[in-house]
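In the working numbering, each number is its position in the sequence shown, counted from 1, plus 78.
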Amino acid sequence: MTIPCVLAVQQDSLIGRALTSVLISSNSELKVITYKSKDIGGLVAETLELKPDVVILGESTPLAAKDSLGQLLMSFPTLRVIVVGEGNNWLHVFSKRDKLVTRQTDLLDVLCLE
79 MTIPCVLAVQ QDSLIGRALT SVLISSNSEL KVITYKSKDI GGLVAETLEL
129 KPDVVILGES TPLAAKDSLG QLLMSFPTLR VIVVGEGNNW LHVFSKRDKL
179 VTRQTDLLDV LCLE
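Spelled out as structure tokens, the structure:
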């Protein structure tokens, strides 16, 4: 089995830093790469180079705007993108799934979905 690769786009928010910390410190077998992108072009280039299974963004970042998400998903149709709600416990999973996060393992379950 291949170890899933997660590209976590770092944010300056407390939620973004906490999310990255949870991913890195989890006991699961994930390859977590953090990346600080300022624009969608940089994120597309980084995604092309790293070929992650999942990209995680905070909902307050401009990269989570519909036009940016559309460009990312059109460039990588099989890529799973997770947008993390920063004022609530919702993960918006762009594989037609939303998941309410009530415990740390909920996040790990979403990352390992087939």
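In this text, a Cβ means the ideal position worked out from N, Cα and C, and glycines have one as well.
In this text, all values refer to a predicted model and were calculated from it rather than measured experimentally.
From the DSSP output, in three-state form, read off residue i for me.
| i | result |
| --- | --- |
| V100 | helix |
| K109 | strand |
| G120 | helix |
| A143 | coil |
| V87 | strand |
| G165 | coil |
| L157 | coil |
| V188 | helix |
Within 10 angstroms of the Cβ of residue i, are there 16 or more other Cβ atoms? Answer buried if so, exposed if not.
| i | result |
| --- | --- |
| S146 | buried |
| E137 | buried |
| A142 | buried |
| P155 | exposed |
Under 8 Å, do residue i and residue j count as touching if we go by C-beta distance?
| i | j | result |
| --- | --- | --- |
| V84 | K109 | yes |
| I134 | A86 | yes |
| T125 | L157 | yes |
| Q149 | T112 | no |
| V162 | L97 | yes |
Rounded to whole angstroms, how far is the Cβ of residue i from the Cβ of residue j, which I believe are closer than 8 Å?
| i | j | result |
| --- | --- | --- |
| P82 | V132 | 7 Å |
| L169 | S104 | About 15 Å separates the two Cβ atoms, so there is no contact after all. |
| V122 | S153 | 5 Å |
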